[in-house]
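Chains as they are written, first to last, in the numbering used here: chain L, 6 to 472; chain W, 196 to 659; chain H, 8 to 564. Just so you know, even glycine gets a beta-carbon here, dropped at the ideal spot from N, CA and C.
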Amino acid sequence: MKKITVYFALLFLLLSSLRLPVAAQSKNSVLIKNATVMTAVKGTLESTDILVENGKITKIGKGLAAPAGANVIDATGKYVTPGIIDCHSHSMLDAINEGAFSVTSMTRTRDMLNPTDITIYRALAGGVTSANLLHGSANSIGGQNTTVKFKWGHPVEDYPIADAPPGIKFAMGENVRQTTQAPQPGRPLRYPRTRQGTIQTMRDAFVRARDYKQSWDDFKAGKTKVQPRTDLELQPLVEVLEGKRLVHCHGYRSDEHLNLMLLADEFGFKIATLQHGLEAYKIAPEIAKRGTGVSIFTDSWGYKLEAYDAIPYNAYILWKNGVNVSINSDSDERMRRLNLDAAKVEKYGGVPEQDALQMITLNPAKQLGIDKRTGSIEIGKDGDLVVWSDHPFSVFSRVETTLIEGEVYFDRKKDGQLRLDMAKERETLEKLDVNKAPATGGGPPRIPATTRQAERDDAEYGDGGHR
Amino acid sequence: MKAKVKSQRAKLKMQNAKCFLYLCLSVLICGSISVHAQNDGAEQNKTGRAGTFAIVGARIVTVSGATIENGTVVIKDGKIAAVGAGVAVPAGAEKIDGKGLSVFPGMIDASTNMGLAEITLGLAASVDLTEVGDMNADARAIKGIHPHSAHVNVTRVNGITTVLSAPTGGTISGQAAIINLNGSTPDEMAVIKDFGLVINFPSVAGGGGRGGGGGGRFGGPAIDFNQAVQRRDQAVEDLKKIFRNAEAYLRAKAAYARDKALPYPATDQKLEAMAPYIHGEKPIIFSAERERDIRAVAKFVGEMKVKGIIDGGQEAWKAADDLKKNNIPVVYTHIYSLPVREDDAYDYLFEAPSKMQAAGVKFCISTGNTGSEVRDLPYHAGIAGAFGLSKDDALKSVTLYAAEILGLGDKMGSIDVGKIANIVVADGNILESRTKIKYLFINGRLLPLTSRHTELFDSFKDRK
Amino acid sequence: MRSKLFLPLVAAICSFFAISANAQSYAITNARIVTVSGATIEKGTVVIRNGLIDAVGANITAPADAQVFDATGLTVYPGFFDTLTNLGLGAAPAAPAGGGGRGGGPVAAAPASAAPQPTSNSNYPAGLRPEEVTSDDLRAGEAQFEANRNAGFTTVLSVGRTGIFNGQSAVINLAGENVSDMVIKSPFAEHISFVTLGSGGYPQSLLGTFAALRQMLYDAQRLQEWEKAYAANPKGMKRPEADKSLEALFPIVSGKMPVVFNANTEREIIRAIDLIKEFRLNGIIAGGQEAWKVADRLKANNVAVLLSLNFPKRTTASSPDADPEPLETLRTRAETPKGAGKLAAAGVKFAFESGGATAIGDFFTNAGKAVEAGLSKDAAVRAMTLGAAEILGVDNRLGSIEAGKIANLALVKGDLFGRDKFVPQIIIDGKVFEQKEPVRPPAGGRGQGGGGQTPAGPSLSGSYTINIDVPGSPLSSTLNFTQSGSGLTGTMVSSATGSAAIRDGKVTGNSFSFTTTVVFGGANLDITVSGSVSGNTITGTVDSAAGAVPFSGTKNP
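Structure below.
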C-alpha cells in the first residue's frame, strides 16, 4: 500500500499542477549575454550584455558579471529588442462593444480582462509585452481602455500598468454609423447614421460634460444644495476636457479625423492617437502641428470602402512630417508578427531601421504615456525584452524568449517541454470517471471549429483581422 | 543588406535630423526616377512593354537548380531565352544592370479570389464571389475577374506574378482560373481559364453553412453536433449523387453522339461543366481543414477516381498517408491564422508546412486571401521558413511547388530556359519584408512598378 | 417569476404523510444525534414541542405525553439547507447564471422577464429591478417541496434567477400551507448575475452590465443622502427624484443587506470581489466553482461562498467526428470536488447549494465526493446545516440540534453521503413527514425481468487474491467475502495496511460492489470497488478520488 500512496501522491501532484506554462522565476536578476542589442534609442550594440535587477534594466555593456543567483540567458548570435507594444488590441477581453448607445464612456475594458485567454501567451510568443486594450468601434464615444502588460500566469490585477494614464476609445466612420450592417427588423435605427451626425454626437457629449462639470463646480461653491450625480458617462469626458484622459479615436477618412481634431481644438484638448488613420498621410501636416500621434496598420487596405485609400507609405509620410507613428494589430493573429509589419516601413519609403523599430516599441509607449518605464532598452527602464533568433525584421526570425520586468513569460525551449507536460496531463485526466463519456447516450459534443473566431478586431467590423 | 543599414545608421549619427530627412527624401526620389527611366513613357500603358531584355551581373536564384552568383538572364518573346554565368547578351537587347540584385521567378499564389471582389465589406456591388445556389459547376471565375482591379497592381509589384482565382460559396462553387497579373482583358491575363472545380467539402459545422466558405455568423439556425454530422453525411451523399448524375448525363450524351437514333438528352450546363472533373482530366479543389475532413476528401477522391487538391489543409500533415496514396497535393493557407484550439501549440499552424514536407506531402503555401493582401505571400512562406521549413523549400513553396500543383511545373516557377518570363528582380531575398522589388516581368513584359498605392503616395507625399 | 399568475399545480401524490405534532410533544429515541453545534450523541433523545426543540441529550426521558419514535439505527441531523434554489416560485427552474460549466467568454443573455413592465416609479427595465422580492412571488402549498424534503432538506434560500438583479431572496422552510408559514427570513439578500439584458436594450454587453451596476449603486448612494437631507429640512431644496429601484438599493449600499453574486469562474469571482470592495458591500459568492483559486482573497475580504455541488462531469457522448475536450475542461472536472476542502483549509466560510443540479440526490453524493477529495465529514455536514444558517443569518434559530431552536430535523438511515442514504422522517417546524422506504427492485434485474426475486447465481463467499493494476507498481490484495442474500460483508487485506472492513457491500447476479477506507500515511482514502466473478476469475475496478484502476484475480481454493 505504500506504493499506492506514492502513486496517488504523484497523481495528485500532477492534477494540481497549475496551468502556468512558464513558471515565474525569481524576479531578482537576469543577465542576457552577448546579444546584438537593438536599443530603439541609441542604435544597435554588438556583443552586448543587459542586466535586469528587480525588474529594471540596471546595466548595459560588455562582459557584465552575473550577480549571484542571476538567470543568465546566452544570446550569442541572437538579437534583443525592447518588448513590442501593441497600441490597438482587444485581446483578453470578454466583451468589446457595448452597442446599446452611441456614447458608452461609462464602460471599462478593465472589467472585462480575462487572464486565462490563450491569445495572451500567443502574443508573448510574438514578442508582445504590452498592449492598449480598447473598447470596440461601435460607438462615437466608446469605453475606457486599459494599458496592460501581458503577465501571463499572474492574477488579473497585475496586468494593468498602474501608472499608465487613463484613456478612452472614440470612433468615426462606417462602424459607428452601422451602415455596413443590414438594419435589424424591429430594431430602431441608432443615431448617428452619417458622418455629420457622428461629430455632432461627440460635440453633444462634450457640451453635456462641460455642463456636468459646471454643476459640480456650482455645488462645491455652495451655489446649489443637492449634490449632483456621479455620472459615469460624463466623468471620463470631463477628464478628457481637463487633459487627464487620452483619446484614442478609430477612424479612416482624413476629413473625419481632421474634424475630430478641430473639435478638440475648440474644446481645448489634444487627441492622443488617431487609430487606424489609414488616410492620415493626407493630413500629415495638420496632425504634426497638433502633436497628435497616429497608430496605424502598416499596410492593410481595401477591406472596406473607407480603407480603399490606405497606402503602405502612410507611416513614411507621417514620419517625414515628424508625427509619432505606431504600428498596431487590432487582431489577436496579426499581433504575433508586428515585427514584420515594422520591417515593411523600411521597404515603403525607407524609414531607417531604428525609427521603424520605434514604431512598435518607443512610439506606442509615448502614445500611451508609458515611455518612462518601457519602450526602449535604457538603464532605468523596465526589463521588457525580447530575444530573437535572428534580426527581428527578418521573416526567418523567431522569438526565443520574452521577458517582462525581467521575468520570463515565454521561452521557446520551455514551450517544447510544456507541450509534453500537457500531453501527459491529458492522458491522466482522460482516465478519470468525470472525464469519461457516459457508457450509453450522452449529449451531443461541441461542433468542432475549422477556424478560430478570434481575430477580435474592432467590433468585428473587419478592421484588423480581415482576410 | 545589413551593411547598408549600418552605414545608414552611421550617417544618422553624424548628421542632424534635417539633413537626414533630406537624405531620405532624395533616396526616395532617386528610386522613383530610376523606375521611371526604366519604363520610359510606357507607364501610360500599365501592361508594360515587350522586348528583349538581358539582366546582367545579377545573382540568379533559379529555384530549380543551383543559384548562379553572377549571371545573366535573357528574356525574349515572352520566354526565358537564356540563363547562366557566361551567357552572351543578344544584339539589340535592353540591358539591365543586375549588380547587387537578385533574380527570382515570379511568385505564385494558388488560392485567392483575385479580381472577384474589390471591397468585400459593405460594398456588395463590387463583389462577385458567390453565386446563388449550392451547385454552380458552370460558374467560371474567368468570366467574373475584373482585370483592372486595384488589387492586381498592388499584388504584382511585390513580386507575385500569377495567382489562382476561385469563386466561393455553396458546395460546388464553380471553376477557378489561373491568371497572370497583367493584361487588359481577362483573356490576356489567363494562363488556364478553367483550371479546377472548387468544392467546399462538407464538414461537421454549425449554423447554416456547409463548412468551408463563409462564416457562421449569419449561418441560419443553430444545430447540434448530431445534426451537424447528419448534415455532413447527407451533403457527402448529395455530392456523390451529383457526380453520378453527371456521369449518367455524359454517358447519355456520348451514346447519343454515337447513335442519333437515341432520344436527344436535354442539355444541362451545370452537369456538362462537370465533365473534365469527373473524368479526372482536371483537378477538383476541395477546401478541407481538419484531419478527418482531409481523410474524407481522400476517400472521396479514391472512390470517385478524380484528381484532387486540398485547399486550406491545416492538419493535412496528419493525413499524409491518405493524401499520398491518392496523390493529393495541398495548397496551405494558414500561416496567418490562429491555431483553432486553445490547447494547440502557438506555432501549430506555422509548423504545418515543415510537417507536410517531412511526411512527404506535396504542398505549396498560399495566402488564401481575397485580393488586397495577396501581396504578403512571400512572408507567409518566410514564416514557415522560421518554423522548420528550409529557406530553399520556403521559396519553392511559393514558386516551383505552386507551379507544379497548378500543372504549370514546365511553364513557370523557376528560372529555366523556355519557361514563361515571369521574373522579379529584387535587392535581396524576395521572402524578406524589407526587400524592394526593382524590376518586374510578366510574360516577358517589363512592367512599371506602379499601383494605386504609388499613385496616392505621389499625390500626397509632398503636401505641406 | 410571476408565479401568482401561474395556474395552481395539481397536488402531487405524496408518499409522505404528515403527523400533526403541534401541541403534542414528539420524542425521537435511541438515535445517533449529530447536533453540529456540540458533540455527537451516540445514543440519545430529541424532544420536540410546539415546533421547537424542547430537549436533546443522551439521558433525556421522553415526556409522558410524547409520541415516541424509536430511531434505533438512524442518525438525526439538523434539517439540511440548500442555499440557492428557486423553490416555491413555480416556474421551471432556470439555470443559474454561468452555472454548471465553465463560464468562459461573454455570458449569454439571461432571458428577461416576458411579463409586461408594470407601471411604477422605477426608471429601470426588467432585469435591472432590485426591488423585486421573492417572497411576494412564493406559491402556497407544501406539496411542491416533496422531492426536496425526501432528500433531507428542510430549509432553502430561494430567489428568482433572471436578469442582472435577480431580486431579493428569502430563506424558507419546505413546509407550511401558507407562504407566511414557510418564510423564515425575507428579504435575505439581493442577488446579482453578470449577464446582459436579452431585450436589446442597455446593457447589451458585459461591459455595460458593470457600468450599469456601478451607476445604479452611485445613484442609490446619492438618492439616499438626498432623501435624508430632504426629510430633515425640505425647505429650499429640490424634491428628491424618488425611484423605487434605487430605493431598494439603500440597504445594500449601506451594507445592511448582503449581496449575492452568481459567479463561477475565477475572473467572475474577482470581478464580484472588486465590486464588493469598491462599494463596501456585504458580499457573498454563489456558485463558486473556481472559488478555491481565489480562497485567499475571499478570506481577506471576508466573503462567504454558497458553493455549488453541481460538480461538472462529462455528459457528452464521444464521437470520432468530435474534438478532444480542452485540457482546462478536463482539469476543472477533476479539480472542482476538491474546492470545498481547499476553501475550508483557507478558512473561507461556505455553505453548499445545489447549483440547479438536476438530480437532487447528487447534492449529498457530491458532498461525499468533496469529502473524498479532502473535506472533513464534519465540515461537510456543517456546510449544509449550521454553516449555512450562519451565512443566511438564521443560526440563532436553525442549523443545529439545540434546545430552543426550530425543530427542523432530518432522520437519516445509512451513510449520509452514500448512494443508499434514506430519509425515513423529516421534521419541519415540528411537523413530521414520513417517507416509506421504496421497495427496491434488485439492481441489474432489468434484463431478466424478474422483479422482486432474490438474485440467482452462485454465492460469492470465499477468498480471492487480486492484483490491482496501479501503473508502474501493481499491488496484491486479498478479498474475503461473505455473501448473505444480496448483501456482502468481509474484508480487504493488503500487506501494507492490514485488514479493512468492507461497507455497503452488494451482490447482483455475478456482480458486486463495496466501499472501504484504506489508511496510509495518516490519510484516509475512500475507495469504491466494483467487479464481477465468473467461475474462479474475479475482475473489476478500484475507484477513488484519484482515479480508477483495474484489478483481476482468482478465487483461492
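For residue i, count neighbouring C-beta atoms within 10 Å of its own C-beta (all shown protein chains included) and say buried if the count is 16 or more, exposed if not.
{"i": "Ile90/L", "result": "buried"}
{"i": "Gly172/L", "result": "buried"}
{"i": "Glu273/H", "result": "buried"}
{"i": "Ile62/L", "result": "buried"}
{"i": "Arg258/L", "result": "buried"}
{"i": "Ser646/W", "result": "buried"}
{"i": "Asp61/H", "result": "buried"}
{"i": "Asp661/W", "result": "Because chain W here runs from 196 to 659, residue 661/W falls outside it and cannot be looked at."}
{"i": "Asp314/L", "result": "buried"}
{"i": "Ile355/W", "result": "buried"}
Please compile the residues from chain W whose C-beta is within a distance smaller than 9 Å of the C-beta of residue i.
{"i": "Thr81/L", "result": "In chain order: nothing, as chain W lies at least about 17 Å away."}
If you follow the beta strand (DSSP E) that residue i is in, where does it begin and where does it stop?
{"i": "Gly298/L", "result": "298-301"}
{"i": "His396/L", "result": "That residue, His396/L, is in no beta strand (DSSP E); it is neither H nor E in DSSP."}
{"i": "Ala329/H", "result": "Careful: Ala329/H lies outside any beta strand (DSSP E) and carries neither H nor E."}
{"i": "Met499/H", "result": "494-501"}
{"i": "Met302/W", "result": "302-307"}
Identify the contact partners of residue i in chain H, using a Cβ-Cβ distance below 7 Å as the criterion.
{"i": "Gly148/L", "result": "Leu214"}
{"i": "Asp538/W", "result": "Pro333, Leu334"}
{"i": "Val431/W", "result": "Those within 7 Å of Val431/W in chain H number zero; the least Cβ separation is about 12 Å."}
Would you kindly report the start and end of the unbroken alpha helix (DSSP H) that includes residue i?
{"i": "Val157/W", "result": "Here chain W covers residues 196 to 659 and nothing more, so residue 157/W does not appear."}
{"i": "Phe224/L", "result": "200-225"}
{"i": "Ile292/L", "result": "289-295"}
{"i": "Glu271/L", "result": "259-272"}
List, in order along the chain, the chain H residues whose C-beta lies closer than 8 Å to that of residue i?
{"i": "Val449/L", "result": "The residue asked about is misnamed: residue 449/L is Pro in this sequence, not Val. Near Pro449/L (Cβ distances below 8 Å), the residues of chain H are Thr323, Ala324."}
{"i": "Arg244/W", "result": "Ordered by position in chain H, no residue passes the 8 Å Cβ test against Arg244/W, which lies about 55 Å from the chain."}
Along chain L, which residues have their Cβ under 7 Å away from the Cβ of residue i?
{"i": "Asp226/H", "result": "Arg234"}
{"i": "Tyr209/H", "result": "Ala105, Phe106"}
Name, please, each residue of chain W whose Cβ falls closer than 7 Å to the Cβ of residue i.
{"i": "Val400/L", "result": "Tyr574, Gly577, Ile578, Gly580, Ala581, Leu626, Glu627, Ser628"}
Which bits of chain L does residue i rub up against, with CB to CB less than 8 Å?
{"i": "Leu296/W", "result": "Under the 8 Å cutoff, chain L gives no residues; its nearest Cβ is about 15 Å from Leu296/W."}
Under 8 Å Cβ-Cβ, which residues of chain C neighbour residue i?
{"i": "Arg485/W", "result": "Of the protein chains in the structure, L, W and H, none is chain C."}
Report the neighbours of residue i on chain L: residues whose CB is nearer than 9 Å to its CB, in chain order.
{"i": "Trp233/H", "result": "Val231, Gln232"}
Along the region 424-447 of chain L, what residues have a CB closer than 8 Å to any CB found in chain H? Result list: Met427, Glu430, Arg431, Thr433, Leu434, Glu435, Lys436, Leu437, Asp438, Val439, Asn440, Lys441, Ala442, Pro443, Gly446, Gly447.
Which of the residues in the region 323-350 of chain H, read from start to end, lie with their CB under 9 Å from any CB of chain W? In summary, the residues of the region 323-350 of chain H whose CB is separated from some CB of chain W by less than 9 Å are Thr323, Ala324, Ser326, Pro327, Asp328, Ala329, Asp330, Pro331, Pro333, Leu334, Glu335, in the order they occur in the chain.
What residues from the region 516-534 of chain W come within 7 Å of chain H, judged by C-beta to C-beta, listed N to C? Residues of the region 516-534 of chain W whose Cβ lies closer than 7 Å to any Cβ of chain H: none.
Give, in chain order, every residue of the region 315-340 of chain L whose Cβ lies closer than 7 Å to some Cβ of chain W. The residues in question are Ile316, Pro317, Tyr318, Ile322, Lys325, Asp337, Glu338.
Closer than 7 Å, Cβ to Cβ, to anything on chain H: give me those residues from the region 209-243 of chain L, in chain order. Answer set for the region 209-243 of chain L: Lys230, Val231, Gln232, Arg234, Thr235, Leu237.
Could you name the residues of the region 614-642 of chain W whose beta carbon sits closer than 7 Å to any beta carbon of chain H, in the order they occur along the chain? Taking 7 Å as the Cβ-Cβ cut-off, the region 614-642 of chain W has no residue approaching chain H.
Alpha helix (DSSP H) runs wholly inside the region 202-286 of chain H, at least 4 long, in chain order: DSSP runs (the alpha helix (DSSP H)) wholly in the region 202-286 of chain H: 213-239, 251-255, 257-260, 273-286.
3-residue-minimum beta strand (DSSP E) runs that sit fully inside the region 382-459 of chain W, ordered along the chain: Counting only runs of 3 or more, we get 385-395.
Taking Cβ-Cβ distances below 8 Å as the criterion, which residues of the region 87-109 of chain L are in contact with chain H? Along the region 87-109 of chain L, going in chain order, the ones with a CB nearer than 8 Å to a CB of chain H are Asp99, Ala100, Ile101, Asn102, Glu103, Gly104, Ala105, Phe106, Thr109.
To test your reading of the DSSP string, which unbroken alpha helix (DSSP H) runs of 4 or more residues are found completely within the region 320-379 of chain W? As far as the region 320-379 of chain W is concerned, its whole alpha helix (DSSP H) runs of at least 4 residues are 345-351.
Unbroken beta strand (DSSP E) runs of length 3 or more, entirely within the region 400-430 of chain H: which are they? As far as the region 400-430 of chain H is concerned, its whole beta strand (DSSP E) runs of at least 3 residues are 416-420.
Under 8 Å (Cβ pairs) to chain L, residues found in the region 537-567 of chain W: The region 537-567 of chain W vs chain L, Cβ under 8 Å: Glu537, Asp538, Ala540, Tyr541, Asp542, Gly563, Asn564, Thr565, Gly566, Ser567.
Please list, in chain order, the residues of the region 109-136 of chain L that have any C-beta partner in chain H closer than 8 Å. Result list: Thr109, Met111, Thr112, Arg113, Thr114, Asp116, Met117, Leu118, Asn119, Pro120, Thr121.
Output the residue ranges of the beta strand (DSSP E) runs that lie fully inside the region 238-265 of chain W and measure 3 residues or longer, sorted by chain position. Every beta strand (DSSP E) of 3 residues or more that sits fully in the region 238-265 of chain W is shown, in chain order, as 248-255.
Taking a Cβ distance cut-off of 8 Å, strictly less, list which residues of the region 379-391 of chain W are near chain H, in chain order. Sequence-ordered contacts of the region 379-391 of chain W with chain H are nonexistent [C-beta pairs closer than 8 Å].
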